[in-house]
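For the sequence shown, full-length UniProt numbering gives the first residue as 1, with consecutive numbering after it. To start, the structure itself, in structure tokens.
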Amino acid sequence: MGKGDSIIVAVRVRPFNDREKTRNCKLVIEMPDEETTVIRDPKTNDEKRFTYDHSYWSHDGFSEKKNGYLEPTDPHYADQRRVFEDLGRGVLANAWAGYNCSLFAYGQTGSGKSYSIVGFKNNKGIVPIVCEELFKQIADNKKKNMQFEVFVSMMEIYCEKVRDLLSSTPPPKGGLKVREHPKNGFYVENLTTVPVNSFKEIEAKIEEGTKSRTIAATQMNATSSRAHTIVKITFNQKSSKQAGGTSMKKSEINLVDLAGSERQSAAGTEGDRLKEGIVINQSLTTLGRVIKALHDSQKAKSGKKTQIPYRDSVLTCLLKNALGGNSKTIMIAAISPADINFEETLSTLRFADRAKSIKTNAVVNENQTERALRELREENLRLQSQIQGGTAGDASNEEIEKLRRQLAENQKEMEEMEKSWQQKIAEEAAKHASGASEKVEMEAKKKKMCHLWNLNEDPALTNVIVHFIPVGESVVGNKPTSSGNFIQMSGLSILPQHVTLKNDGNNQIHLSPCSEDLDIFINGKPVHGETQLQQNDRVFFGGNHLYVFNNPTKKGIRTDITYENAQAEIAQNHAAALGNRGLGGGSKRDLILEEELMSTLPLVQRANAMATELGRNVKFEIVLVSPEMRGLTSGLTEIWVKVHNISEDTYFLWEKSRFMNRYYGMQEMYEAKQDGSEDWNMPKERDPFYEPPDSPVFIASSVVFLQSLAYLIDVEEQFPIVDLSGQEIGLLTVGLSPCSTTGKELRGEYVEDPDQLIGKNIAFKVKVISAVGLPRRILKSNCKYRFFGSKKMTTTATVSGNTPAYGHEETFQFKPVTKEVADYLANSNLYITFWGTQRPRGASSRKNSISTIGSNEAREGPNKAKRVERLVHQAKTSENRNISVKALETVLKGVDDNENRKTRKQSMKKAGSTTIKSRSGSKKPKAK
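Right under this line is the structure:
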């Protein structure tokens with residue numbers, strides 16, 4: 001590649017995964033040739049075409065060899081070796097030429113990014129093959145006057161914090177600092193750089209970094225799909241010159257596995273005060289903006305300079321060279337083939353399409369060692385002079401500190417340059433004298449001792465942590481005991497003494513919780529007493545601690561257990577507890593609900609644990625909400641989260657997307673406390689756990705029967721108001737009237753068959769009159785519903801009190817009535833949802849027993865009493881049912897709550913046993 005070359009972009013599609021196969025997903029991706037990718041909209045069948053440098057078809061056309069390698073059976077199939085030959089081989093060639101190289105993988109979680117970059121078992125990805133080939137080529141190119149040096153570093157970016165994955169010391173508060181060098185650009189201060197002498201050594205270091213990442217994710221409650229991992233390989237080629245001195249070519253290879261690119265859903269977050277304050281992944285959001293800005297600036301004809309927002313995130317600072325500077329860059333966009341991921345896949349393809357137009361300007365990094373040392377010494381003298389002058393002059397403390405940091409960095413670089421390669425290797429070997437045999441010892445131990453191995457949502461982090469269970473009694477907890485065997489698990493929900501494990505000579509192993517309140521599950525079922533562990537049991541200890549038990553002295557050990565399997569068990573048992581015993585039945589609806597429950601349940605459990613750790617008196621609970629409960633006539637059951645603020649005794653319902661938005665804020669708050677930040681404890685207006693009482697909340701719903709309108713019968717009826725737990729919390733009075741298109745109500749114009757309405761111009765009036773008996777915590781409320789043909793919800797006025805008089809009327813015209821309208825009236829119901837605000841515990845208004853009207857008249861003034869009197873008068877004159885009038889008169893007289901409850905029970909019996917009547921008292925005609 002020459003100067004000003006574009007980023008090489010490749011797209012790779014994977015096979016269907018188990019989830020997609022179970023849901024019988026349809027294929028929406030085609031690759032007719034090696035450069036073109038076609039995506040088809042599953043709803044409209046419209047196609048969009050994209051052209052890239054490489055389009056890799058890895059969906060089908062392969063078979064598995066005995067050693068597990070997936071080899072092609074069709075020439076169209078792209079295996080791991082072909083991807084390396086096209087992309088990785090170029091990375092190696094550029095590294096030998098002295099260029100900086102970058103390769104990064106982009107795509108949603110589960111799209112196959114890590115498979116292309118890292119690989120799985122014998123299907124090695126680009127990173128291990130590049131490293132292996134590099135050392136092979138070094139062995140083939142060894143000459144007397146040449147010396148080769150390879151260094152590796154590994155870091156993770158999570159929530160804008162950089163963590164060194166190869167460091168043996170605890171990370172500093174707030175993570176490692178990102179600094180900017182005037183010549184070399186952005187770098188991570190004090191990042192561990194390890195010299196390696198062989199592929200085995202580099203492989204061991206990557207495994208060490210992966211283990212460090214797994215432990216951190218478990219302890220810090222981190223979601224691995226939100227983290228970016230960067231493996232940086234530095235390759236130096238030193239050659240001695242005949243005239244004396246040494247010259248060096250230096251190449252930095254950055255191999256980047258980006259976090260999942262799924263977008264944050266806006267649905268369900270409307271009105272959330274923290275919607276804009278919490279960014280699921282600021283680095284990835286900024287990366288998209290940087291790519292767009294680079295694309296726009298390089299396409300602009302006017303030559304106007306565009307500001308590129310590199311500094312807006314840690315990731316884009318560190319990828320500045322890769323995206324627009326001194327680097328030869330390759331991007332792999334990994335995509336799903338399934339229709340259920342259409343939106344995310346299309347977003348990934350568009351991102352890749354923008355990236356392919358970006359150009360970088362790579363140069364050969366070559367200099368003479370002696371000259372570089374001389375320049376560094378001269379620069380250090382200049383910096384010392386500036387520091388001395390600045391101390392005596394008017395330079396700020398920040399400026400002087402910056403000069404001192406640069407001086408220290410130069411000094412460190414000089415010392416490294418003056419060391420011989422043998423010295424560097426010897427120093428690293430001394431640090432890790434026992435590390436080489438650690439893995440071998442662990443594998444041998446696993447064949448003899450009972451043990452637990454971890455499960456993680458990221459397959460690369462599964463089976464990385466192993467806890468051995470010695471004979472006798474062992475305590476599992478977060479603080480070592482003074483005596484006896486101890487297994488340390490740190491992080492959320494783990495007590496100092498959490499459970500005890502009794503090993504009876506590797507014959508029987510029993511688990512006993514140390515407290516009754518612990519959420520411990522074995523194979524998805526809660527455990528409260530002593531339980532014997534069986535081979536391959538999935539044990540959930542709480543927080544992020546999910547393990548598989550193995551006893552090597554017995555047969556039947558399985559290695560195919562996944563995180564998804566274990567979570568599915570917990571989800572199915574939880575669904576049964578919620579009353580949905582049909583989950584897992586195999587229907588598409590059940591499968592979708594099970595997936596949602598699997599993904600949400602562990603987050604709700606962690607949210608409760610974080611609330612406890614941070615002293616938030618809040619309880620989260622999953623609820624299943626049917627479409628009817630949400631005011632819809634059809635749709636899927638959704639998972640919502642019920643939030644109970646115990647201190648204020650208020651209840652809220654968050655849709656899943658709103659909960660997810662808040663969950664990421666909770667994570668950041670928890671991590672800030674773990675880091676020792678003084679600013680972790682946020683005020684209420686920024687606290688992700690807190691919902692103000694004046695936030696509108698879903699309360700309940702009511703089902704209104706529409707059949708009377710199908711026969712042109714005018715009715716007014718009371719209907720039960722039912723909350724999510726199935727409890728009746730009040731009664732709603734609703735009137736339904738057929739009328740002319742001018743609004744005049746039709747009286748006595750009954751029809752024998754709803755089909756007689758077809759072709760006529762008729763309107764229907766919906767009256768939401770009032771409600772009685774709402775819970776005392778409700779301060780204000782309104783109703784929402786959607787009548788046939790309405791695009792938006794119809795909303796009543798917001799009214800105060802426990803017996804609100806909505807006084808709402810809305811007319812819906814049909815010119816003419818169609819077959820669909822007639823069928824809707826005859827066979828469907830109107831679902832009315834209740835929304836309101838609450839009185840927190842301790843508020844003065846909460847002391848009132850019934851309503852803000854009647855018993856509260858002295859404070860509220862006479863207006864509300866007059867309004868209710870007017871409603872009573874209207875109800876009497878329109879021959880309303882006596883129960884509605886009695887209920888309202890009861891409120892005016894201020895009868896106590898017990899009497900009010902008796903009235904409600906009597907009215908419910910009446911409502912349940914009464915047929916729908918017209919105002920003239922005639923019964924509804926039977927449908928033929």
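The beta-carbon is built from N, C-alpha and C at its ideal position, and this holds for glycine as well.
Using 8 Å for Cβ pairs, my map puts residue 474 next to residue 494. What's the rounded Cβ distance? Actually they do not touch by this definition, with Cβ atoms about 15 Å apart.
Beta-carbon separation of residue 794 and residue 780 under 9 Å?
-> no
Requested in this report: Would you mind sorting residue 332 into buried or exposed? The rule is 16 or more other CB atoms within 10 Å of its CB.
Outcome: That one is buried.
TODO: Give the C-beta separation of residue 497 and residue 514 to the nearest angstrom, bearing in mind that I take them to be a contact with Cβ-Cβ under 8 Å.
DONE: 5 Å
Worksheet item: Which residue comes first and which comes last in the alpha helix (DSSP H) that contains residue 660?
Response: 656-674
inquiry  = For residue 646, count the other beta carbons within 10 Å of its own beta carbon; 16 or more makes it buried, fewer makes it exposed. Which is it?
reply    = exposed
With 16 other Cβ atoms within 10 Å as the buried cut-off, status of residue 730: buried
| request: Quick one: using the 10 Å Cβ neighbour count with 16 as the cut-off for buried, is residue 139 buried or exposed? | output: With fewer than 16 other Cβ atoms within 10 Å, it is exposed.
Quick check on residue 184: buried or exposed, where buried means 16 or more other Cβ atoms within 10 Å of its Cβ? exposed
- Answer yes or no: do residue 232 and residue 253 have a C-beta to C-beta separation smaller than 9 Å? yes
| query | Among 458, 463, 459, 444, which one has its Cα closest to the Cα of residue 452? | reply | 463
- Query: So, helix, strand or coil for residue 602, using DSSP?
  - Reply: helix
- Nearest-angstrom Cβ-Cβ length linking residue 553 and residue 608, presumed shorter than 8 Å: Not a contact, Cβ separation roughly 38 Å.
* Asked: Who are the near neighbours of residue 76 in its chain, counting only those whose CB is closer than 7 Å to its CB and skipping five residues on each side?
  -> 57, 61
query = Roughly how many angstroms separate the alpha carbons of residue 714 and residue 517, rounded to a whole number?
reply = 56 Å
- prompt: Counting Cβ pairs, one atom from each stretch, are 3 or more of them under 8 Å apart for the region 677-696 and the region 825-845?
  reply: With contact defined as three or more Cβ pairs closer than 8 Å, the region 677-696 and the region 825-845 are in contact.
Rounded separation between residue 59 and residue 549 - CA only:
34 Å
- Item | Straight-line Cα distance separating residue 459 from residue 558 | About 16 Å.
Worksheet entry | Backbone CA spacing between residue 346 and residue 365 [nearest angstrom] | 38 Å
Compare the C-alpha of residue 532 against each of 543, 444, 504, 542 and name the closest. 504
Output the distance between the C-alpha atoms of residue 246 and residue 257, rounded to the nearest integer angstrom.
-> 35 Å
Please list the terminal residues of the continuous alpha helix (DSSP H) segment that includes residue 131. 126-140
Nonlocal neighbours in the same chain, by C-beta distance under 6 Å from residue 37, ignoring five residues either side
11, 31, 50, 55
| request: Mark residue 108 as exposed unless 16 or more other C-beta atoms lie within 10 angstroms of its C-beta, in which case mark it buried. | output: Classification for residue 108: buried.
For this session: Report yes if the C-beta distance between residue 53 and residue 71 is below 9 Å; otherwise report no.
Result: Their beta carbons are not under 9 Å apart, which means residue 53 does not touch residue 71 by this criterion.
With 16 as the cutoff for other CB atoms within 10 Å, does residue 735 come out buried or exposed?
Per the 10 Å Cβ criterion, buried.
Straight-line CA distance for residue 86 to residue 567? 38 Å
Can you tell which of 409, 771, 571, 776 has its C-alpha closest to the C-alpha of residue 834? 771
6 Å Cβ shell around residue 355 - same chain, five flanking residues per side excluded
Around residue 355: 7, 9, 291, 331.
>> Measuring straight from C-alpha to C-alpha, what distance separates residue 718 and residue 561?
In response: 54 Å
Practice problem: Flag this pair as touching only if the region 737-754 and the region 704-714 have three or more C-beta atom pairs under 8 Å; answer yes or no. | Solution: yes
### Query
Between residue 727 and residue 572, what straight-line distance do the alpha-carbon atoms span, to the nearest angstrom?
24 Å
For residue 619, I'd like the list of residues in its chain whose CB is within less than 8 Å of its CB, leaving aside the five on either flank, ordered along the chain. Hits under 8 Å: 608, 611, 643, 644, 646.
Using CA atoms only, rank isn't needed, just tell me which of 97, 688, 162 is closest to residue 616. 688
Residue 535 by DSSP, collapsed to three states: which one? When DSSP states are grouped into helix, strand and coil, residue 535 belongs to the coil group.
Notebook entry, point to check: When you compare only the Cα positions, how much space is there between residue 700 and residue 158?
Noted result: 40 Å
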